[in-house]
Amino acid sequence: MLNFIQNIDIFIIKQFYNFQHSLNSKLLSHILIFFTNLGNHGLVWIAITLFLLSNKKYRKIGYLAIISLIINAIIVNVILKNLTHRARPFTEISDIILLVKAPKDFSFPSGHTSASFTMVYIFYKHLKKYFPAVLITSIIIAFSRLYLTVHFPSDVLAGLLIGLFAGFLGEKIFNKKNNLMKS
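Written out as structure tokens, the structure reads:
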């Protein structure tokens with residue numbers, strides 16, 4: 002089964018690479034590099050979390066974001082990447098020329114995508130007014146990881162699902178903690 006998934010991943014990522022080169026669009030490449038850089042180290046999500054924490058109206062949501070992003074980081078960066086040791090597409094497919102600096106960590110799952118979709122969950126549940134912007138940003142970040150050939154499709158899909166789960170789990174822990182503090 003894993004070989005089947007790997008073969009599909011390689012086929013799809015080659016299509017993304019061919020698409021990238023057939024377009025030969027420096028503008029699109031620069032836009033997607035910008036979005037992928039927003040996701041580096043969760044930078045955009047940490048900045049948004051700090052803003053939430055600095056605003057009394059949104060402080061509790063900021064704490065929820067911290068808990069959820071930490072859960073996400075543990076699941077993705079501490080556990081799964083080190084458990085799976087999945088190589089990145091550019092190491093598996095010899096003719097890929099990267100448009101960004103080669104990431105040094107393992108490929109599965111996508112940390113950019115998982116952190117993004119952790120925040121998608123939080124904004125969907127608690128800040129619906131801003132949810133569309135967070136969702137669109139997250140989709141573009143996830144797409145950029147494929148377009149730039151630094152992740153396989155299954156890495157991105159797993160990142161999306163793990164991110165939503167981390168948001169859900171963070172919310173459960175946060176609510177339990179708040180209920181304990183009230184009693």
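When we follow this note's numbering, the leftmost residue of the sequence shown carries the number 2, and every step to the right adds one.
Every residue gets a Cβ at the ideal spot worked out from N, C-alpha and C, and that includes glycine.
Note that the coordinates shown come from a computational prediction; the quantities given were computed from them, not determined experimentally.
- Between Ser69, Ser115, Ile174 and Ile94, which lies nearest to Leu81 when the distance is taken from Cα to Cα? As a position in the sequence shown, residue 81 is number 80, starting the count at 1. Per the Cα distances, Ser115.
- Task: Mind the definition here: the segment 99-117 touches the segment 132-150 only if three or more C-beta pairs lie below 8 Å; say whether that holds.
- Result: Counting Cβ pairs under 8 Å, three or more are found: they touch.
- Query: Looking at C-beta atoms only, is the number of pairs between the segment 119-131 and the segment 16-24 that lie closer than 8 Å three or more?
  - Reply: The segment 119-131 is not in contact with the segment 16-24.
- Below 8 Å between beta carbons: does that hold for Ile123 and Gly40? Here the question's residue 123 lines up with position 122 in the sequence shown. Here the question's residue 40 lines up with position 39 in the sequence shown. Cβ atoms of Ile123 and Gly40: not closer than 8 Å.
- Query: I think Ser108 touches Phe153, with their Cβ atoms under 8 Å apart; what is that distance to the nearest whole Å?
  - Reply: Numbered from 1 along the sequence shown, position 107 holds the residue referred to as residue 108. Numbered from 1 along the sequence shown, position 152 holds the residue referred to as residue 153. About 6 Å separates the two Cβ atoms, so the contact holds.
- Query: Since Leu68 contacts Phe175 with CB under 8 Å, what's their CB separation in whole angstroms?
  - Reply: Here residue 68 corresponds to residue number 67 of the sequence shown, with the count starting at 1. Here residue 175 corresponds to residue number 174 of the sequence shown, with the count starting at 1. Looking at the sequence shown, residue 68 is not Leu but Ile. In this structure Ile68 is in contact with Phe175, their Cβ atoms being roughly 5 Å apart against a cut-off of 8 Å.
- Message: Distance check for Lys58 and Ile98, CA to CA, integer angstroms please.
- Response: For the purposes of this step, residue 98 is taken as residue 97 along the sequence shown, with counting starting at 1. For the purposes of this step, residue 58 is taken as residue 57 along the sequence shown, with counting starting at 1. Approximately 46 Å between the Cα atoms of the pair.
- Thinking just about the alpha-carbon of each residue, which of Leu29, Asn4, Ile34 and Ser23 is nearest to the one in Ala103? On the sequence shown, position 102 is the one that residue 103 refers to. Answer by Cα proximity: Ile34.
- Nonlocal neighbours in the same chain, by C-beta distance under 6 Å from Met120, ignoring five residues either side: By 1-based counting over the sequence shown, the position of residue 120 is 119. Residues Trp46 and Val135 of the same chain have their beta carbon placed closer than 6 Å to that of Met120, with the five preceding and five following residues left out of the count.
- Message: I need the straight-line Cα distance from Ser184 to Ile72, nearest angstrom please.
- Response: As a first step, residue 184 is located in the sequence shown; it is residue number 183 there, counting from the start. As a first step, residue 72 is located in the sequence shown; it is residue number 71 there, counting from the start. Low confidence applies here, because Ser184 scores a pLDDT of 43, under 50, leaving its location unreliable and the question unanswered by this model.
- Span of the alpha helix (DSSP H) around Pro90: Position 89 of the sequence shown, counted from the start, is the residue given in the question as residue 90. From DSSP, the alpha helix (DSSP H) with Pro90 extends over Pro90 to Glu93.
- Could you tell me how far apart the beta carbons of Arg89 and Val151 are, in whole angstroms, since I believe they sit closer than 8 Å? In the sequence shown, residue 89 corresponds to position 88, counting from 1. In the sequence shown, residue 151 corresponds to position 150, counting from 1. The Cβ separation is near 6 Å, so the contact holds.
- To which residues of the same chain is Asp156 closer than 6 Å at the C-beta, ignoring the five residues directly before and after it? Counting from one through the sequence shown, the residue named residue 156 turns up at place 155. The beta carbon of Asp156 is closer than 6 Å to those of Ser108, Phe109, Pro110 and Ser111 in its chain, skipping five residues each way along the sequence.
- Item | Spatial distance of Ser139 from Tyr131 (CA atoms) | Against the sequence shown, residue 139 aligns to sequence position 138. Against the sequence shown, residue 131 aligns to sequence position 130. Approximately 12 Å, taken between the alpha carbons.
- Buried or exposed for Phe91, please, with buried defined as at least 16 other CB atoms from any protein chain shown within 10 angstroms of its CB. Working through the sequence shown from its first residue, we reach residue 91 at position 90. Answer is buried; the Cβ neighbour count reaches 16.
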